[in-house]
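The listed protein sequences correspond, in order, to chains A and B.
1393 is the number of the first residue of the first sequence in this note's numbering; add one for each residue after it.
1393 is the number of the first residue of the second sequence in this note's numbering; add one for each residue after it.
Scroll down for the structure; my scribbles are underneath it.
There are 2 protein chains.
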Amino acid sequence: MTIRVAVDAMGSDRGPEDIVAGAVEAATDQLQPVIVGPSTLDTQGLELIEAPDVIEMDEKPTEAVRAKERSSLVIACRAVGDGRANAVVSPGNTGAMLAASLLHIRRVKGVLRPAIAVVIPARDGPNVLIDAGANADARPEHLAQFAEMGTILSREVLGVASPRVRLLSIGEEAEKGNQLALDAHALLAQRDGFEGNTEGRNLLTGGGEVVVTDGFTGNVALKLLEGTIRAILDGLRTEITATTRGKLGGLLIRPAARRLRTRLDPDTYGGAYLLGLRGLAVIAHGNSSSRAIANAIRLAARGVEHDVVGRLAQRLQEEVLESARSTPTTPE
Amino acid sequence: MTIRVAVDAMGSDRGPEDIVAGAVEAATDQLQPVIVGPSTLDTQGLELIEAPDVIEMDEKPTEAVRAKERSSLVIACRAVGDGRANAVVSPGNTGAMLAASLLHIRRVKGVLRPAIAVVIPARDGPNVLIDAGANADARPEHLAQFAEMGTILSREVLGVASPRVRLLSIGEEAEKGNQLALDAHALLAQRDGFEGNTEGRNLLTGGGEVVVTDGFTGNVALKLLEGTIRAILDGLRTEITATTRGKLGGLLIRPAARRLRTRLDPDTYGGAYLLGLRGLAVIAHGNSSSRAIANAIRLAARGVEHDVVGRLAQRLQEEVLESARSTPTTPE
Chain A
1393 MTIRVAVDAM GSDRGPEDIV AGAVEAATDQ LQPVIVGPST LDTQGLELIE APDVIEMDEK
1453 PTEAVRAKER SSLVIACRAV GDGRANAVVS PGNTGAMLAA SLLHIRRVKG VLRPAIAVVI
1513 PARDGPNVLI DAGANADARP EHLAQFAEMG TILSREVLGV ASPRVRLLSI GEEAEKGNQL
1573 ALDAHALLAQ RDGFEGNTEG RNLLTGGGEV VVTDGFTGNV ALKLLEGTIR AILDGLRTEI
1633 TATTRGKLGG LLIRPAARRL RTRLDPDTYG GAYLLGLRGL AVIAHGNSSS RAIANAIRLA
1693 ARGVEHDVVG RLAQRLQEEV LESARSTPTT PE
Chain B
1393 MTIRVAVDAM GSDRGPEDIV AGAVEAATDQ LQPVIVGPST LDTQGLELIE APDVIEMDEK
1453 PTEAVRAKER SSLVIACRAV GDGRANAVVS PGNTGAMLAA SLLHIRRVKG VLRPAIAVVI
1513 PARDGPNVLI DAGANADARP EHLAQFAEMG TILSREVLGV ASPRVRLLSI GEEAEKGNQL
1573 ALDAHALLAQ RDGFEGNTEG RNLLTGGGEV VVTDGFTGNV ALKLLEGTIR AILDGLRTEI
1633 TATTRGKLGG LLIRPAARRL RTRLDPDTYG GAYLLGLRGL AVIAHGNSSS RAIANAIRLA
1693 ARGVEHDVVG RLAQRLQEEV LESARSTPTT PE
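What follows is the structure, given as structure tokens:
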């Protein structure tokens, strides 16, 4: 089977040429990127689905998606809804991607809220952070579902045998947190694989974890993580190049620094999954390099291969059955 | 004038000896640390206020403060309330410190909620993050007051001429955020010096900012920041020492790495201010080194010298007058 990934070529901070280059890089016999963009675009031989319009980064998501039905972002999502593609990748407006996906790919039955899942390259293996920004305000039952979705992603795509679920909070004790965290903790505690709260300090060390949080906290955390990594590596470079001795040392440690940078580079995964939909959607960084786009397309294809959507639907159905069984029946 | 700082010698993750050593290091003619701990403790010649009991890290704050009136933490706070000390430093249970301060130092008139303010050593100067953990659930009007408190700290203690207030959120646009951030943005927008939202990625770069958030988000962010700094520096060391070439380079860049580490080290400030009280309180890290304790004591003394408490009270009074003036009077 050939996996077809619709790639939104427009609306990124860089030009469409980088997106096309990334798509060409990712293309294989089994993985066929389909470019969505204007007819004038040089697709380097890849199939094109025409979309004359563009949703910009600063547009209001819901309005833009309604007003611009012929934008590359909307048409790319619709390609998944129509079955013309198995997955979609977009480096554009995250809010618009969420709105267009809900409208054209639609939720898996039983999913309360789709969520953004990001792979965090921690020291001891990949962690999943969910929700990294789809739901700024969330309820405890949403967080409980995020745990299910993140676990499926970790197991099926990242190959973690028994993902450990943890709730991001401000202390490891169950009674530490804001009201949302306290209520979510109580719900998660009824679940296998839940290992209690975790703190931000562990996000980059422990591996194989599914770290659950609301989209506000998760997005603040993700951006803080990315910014801190960049600030420290840049700060180190500044200090090193300040002296001749440092410069010489810098040359010698360059391969070591590059290994670390490659591991921590967001481009290594290229994007974040939008989970809970009837098709796979990957949101790439707005300023993605062609390498990042290629990796985002591969990430999308891996999700299709491992049937993340089907397994999620199955898991939610099992939950409904389980809760039906555990509900005491009223005696006649 | 001699500034007297009550130092809670008990309840830290390390022993009381490190705390006493830090107090001895900080002592000068103008700064007199007063040790609060058991009578058996060797205070190295410093004055002792006797406190036979200890509140442990894992005790429930409010209950512990009520049950252990003769604990070092409670007696150290009471020393400020009684006027026997100008400030208090404790490396103990943060929640207990908050509860004991509210009870024995009490709030400045008009302060809705005391908040924890941490100095973040950013590239272009010190930022203040407030609230870093006192109020897991906060309301918009609390955040507006945190902005006032953080501004006074930044101006008076850190010497920033015109601190810029920013709201921690998930996008720079006013309409990005959870409900709390949206409502807080609307309140803050009425205030001079407010420059809109900021994202986590800027916390370590821009300087002279007062970054306002609720205590849950702020605490997650602070711990993530500290953990990421440690994880990256440790990861770099691991990569460097993996090869002979790297080891040699590592020796050469050691002074550069040390400069960066010193700037980013939480011990450089030693603690966080608990603002909004009628006396100065500084919360030190639970595993503070003697150097960190010495710096926390100096931080407390600097707050007393610059009359942070008096200026805060004055500013809140001005606010009340301003809002009285701007309220339209009903015509008779």
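Even glycine gets a Cβ: it sits at the ideal position worked out from N, Cα and C.
Residue-level contact to chain A via CB, residue i, 8 Å cutoff
i: B:G1641; result: yes
i: B:K1460; result: no
i: B:G1600; result: no
i: B:A1511; result: Before going further, note that residue 1511 of chain B is Val rather than Ala in the sequence given. Cβ-Cβ to chain A under 8 Å: no for B:V1511.
i: B:D1516; result: no
i: B:L1628; result: yes
i: B:V1612; result: yes
i: B:L1616; result: yes
i: B:N1589; result: no
i: B:E1533; result: no
i: B:G1619; result: yes
i: B:N1594; result: yes
i: B:D1410; result: no
i: B:E1631; result: yes
Spatial neighbours of residue i in its chain, beta-carbon cut-off 7 Å, leaving aside the 5 residues before and after
i: B:T1609; result: L1560
i: B:I1732; result: Beyond the ends of chain B as shown, which are 1393 and 1724, falls residue 1732 of chain B; an answer cannot be given.
i: B:I1411; result: V1399, A1401, S1404, P1483, I1685
Residue closest to residue i, alpha-carbon to alpha-carbon, out of the options
i: B:D1450; options: B:Q1424, B:S1681, B:N1485; result: B:N1485
i: A:V1446; options: A:E1439, A:D1434, A:E1461, A:T1454; result: A:E1461
i: A:Q1422; options: A:V1696, A:Q1706, A:V1712, A:G1407; result: A:V1696
i: A:G1429; options: A:G1551, A:P1408, A:E1714, A:V1416; result: A:P1408
i: A:L1617; options: B:E1548, B:V1520, B:G1592; result: B:G1592
i: B:A1648; options: A:A1648, A:G1642, A:R1653; result: A:G1642
i: A:A1528; options: A:E1548, A:A1507, A:Q1537; result: A:A1507
i: B:A1613; options: B:G1585, B:A1524, B:L1433; result: B:A1524
i: B:A1526; options: B:V1604, B:A1477, B:G1598, B:G1588; result: B:V1604
i: B:R1515; options: A:A1573, A:V1712, A:D1626, A:A1634; result: A:D1626
i: B:A1443; options: B:S1464, B:T1435, B:P1453, B:E1714; result: B:S1464
i: B:E1448; options: B:L1580, B:A1488, B:L1572; result: B:A1488
Contact under 8 Å by Cβ, residue i with residue j
i: A:S1682; j: A:G1403; result: no
i: B:I1395; j: B:A1693; result: yes
i: A:V1397; j: A:V1481; result: yes
i: B:A1418; j: B:I1689; result: yes
i: B:L1596; j: B:I1512; result: yes
i: A:I1497; j: A:C1469; result: yes
i: A:G1671; j: A:L1691; result: no
i: B:I1624; j: A:I1645; result: no
i: A:V1602; j: A:V1549; result: no
i: A:A1479; j: A:V1457; result: no
i: A:A1576; j: A:P1532; result: yes
i: A:L1628; j: B:L1652; result: yes
i: B:N1780; j: B:K1568; result: The structure shown does not extend to residue 1780 of chain B, since chain B is modelled only from 1393 through 1724, so no value can be given for it.
Any chain B beta carbon closer than 8 Å to residue i
i: A:F1538; result: no
i: A:E1714; result: no
i: A:F1608; result: yes
i: A:V1557; result: no
i: A:D1529; result: yes
i: A:N1570; result: yes
i: A:T1597; result: yes
i: A:T1654; result: no
6 Å CB neighbourhood of residue i in its chain, flanking five on each side removed
i: A:R1405; result: Before going further, note that residue 1405 of chain A is Asp rather than Arg in the sequence given. Excluding positions up to five away in sequence, the list reads G1678, N1679.
i: A:R1717; result: none
i: B:E1724; result: Only weak support exists for where B:E1724 lies, its pLDDT of 43 falling under 50; the value from the coordinates is given anyway. The answer is none, since no qualifying residue turns up.
i: B:Q1424; result: T1394, R1396
i: B:E1455; result: none
i: A:G1473; result: H1496, I1497
Host beta strand (DSSP E) of residue i (start-end)
i: B:P1518; result: 1517–1522
i: B:T1590; result: 1586–1590
i: A:A1649; result: Here A:A1649 belongs to no beta strand (DSSP E); instead the alpha helix (DSSP H) covers 1636–1656.
i: A:A1676; result: 1672–1676
i: A:G1695; result: Element bounds for A:G1695: not the beta strand (DSSP E) but the alpha helix (DSSP H), 1682–1697.
Cut-off 8 Å between Cβ atoms - residues of its own chain near residue i, not counting five sequence neighbours on either side
i: A:L1704; result: V1500, V1503, E1540, M1541, I1544, L1667, G1668
i: B:T1660; result: P1513, T1654, N1687
i: A:V1701; result: V1500, L1669, R1670, G1671, L1672, G1695
i: A:L1440; result: V1426, I1427, V1428, G1429, S1431, L1433
i: A:P1658; result: E1618, H1677, A1684
First and last residue of the uninterrupted alpha helix (DSSP H) at residue i
i: B:E1451; result: Note, B:E1451: premise wrong, no alpha helix (DSSP H); not H, not E.
i: A:E1540; result: 1532–1548
i: A:A1413; result: 1408–1418
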